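Peer 1: This note's numbering applies: residue 71 is where the sequence shown begins, and numbers increase by one. Built from N, CA and C at the ideal position, the CB exists for glycine as well. As the structure is a computational prediction, the values presented were derived from the model and not from experiment. Let me give you the structure first, and then I'll get to my questions.
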Amino acid sequence: MAQAKETGKPDNIIEKMVEGRMRKFKSEVTLTGQPYVKDPEQTVGELLHANEARVISFKRFELGEGVEKKQENFAEEVQAQAQSAIKS
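As structure tokens, this is what we get:
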């Protein structure tokens with residue numbers, strides 16, 4: 071509210087701004103507020119409600135999480151291959 075009041079807008083507009091920001095935050099952070107992957111017009115919560123289902127537990131994965139990136143020195147790799155070719 072304090073951040074919105076700094077804009078100098080009327081209180082009724084500030085309330086709507088805060089409500090909009092809270093809705094956006096909820097949709098980005100909560101599982102049930104996120105858009106359903108197969109139908110982005112529907113949230114996960116709406117899909118659950120329509121199918122009379124509920125979430126008991128879930129695990130969050132982030133793209134690339136747990137993937138170890140192999141650090142290689144390209145010059146050393148080329149040199150090793152060149153020496154291997156010379157020996158053959």
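#1: What does MET113 pair with, by DSSP beta-bridge criteria?
#2: Could you round the C-beta distance between ASP84 and MET92 to whole angstroms and report it? I think they count as a contact, below 8 Å.
#3: Can you name, in chain order, every residue of its own chain whose Cβ lies under 6 Å from the Cβ of MET87, other than the five neighbours on each side?
#4: Between which two residues does the alpha helix (DSSP H) containing SER97 stretch?
#5: Are LEU101 and VAL114 closer than 8 Å when you measure CB to CB?
#6: Pick helix, strand or coil for PHE144, following the three-state DSSP scheme.
#7: Do ARG124 and LEU118 come within 8 Å of each other at the CB atom, strictly closer than that value?
#8: Look at the alpha carbon of ASN143 and the alpha carbon of ALA150, and state the distance between them as a whole number of angstroms.
Peer 2: This is what the structure gives:
#1: The count along the sequence shown starts at 1 and reaches residue 113 at position 43. Position check: residue 113 holds Thr in this sequence, whereas Met was assumed. Residue pairing by DSSP places THR113 opposite PRO105 in a beta bridge.
#2: In the sequence shown, the residue the question calls residue 84 occupies position 14. In the sequence shown, the residue the question calls residue 92 occupies position 22. Contrary to the premise, residue 84 reads as Ile rather than Asp in this sequence. Not a contact, Cβ separation roughly 13 Å.
#3: The residue labelled residue 87 in the question sits at position 17 within the sequence shown. Same-chain partners within the cutoff: ALA74.
#4: Start at 1 with the first residue of the sequence shown, and residue 97 comes out as number 27. 81-99 is the span of the alpha helix (DSSP H), which, as asked, contains SER97.
#5: Here residue 101 refers to the residue found at position 31 when the sequence shown is read from its first residue. Here residue 114 refers to the residue found at position 44 when the sequence shown is read from its first residue. Closer than 8 Å, so yes.
#6: Position 74 of the sequence shown, counted from the start, is the residue given in the question as residue 144. When DSSP states are grouped into helix, strand and coil, PHE144 belongs to the helix group.
#7: Within the sequence shown, residue 118 is the residue found at index 48, counting from 1. Within the sequence shown, residue 124 is the residue found at index 54, counting from 1. The beta carbons of LEU118 and ARG124 sit closer together than 8 Å.
#8: The residue labelled residue 143 in the question sits at position 73 within the sequence shown. The residue labelled residue 150 in the question sits at position 80 within the sequence shown. Looking at the two C-alpha atoms, the distance is approximately 11 Å.
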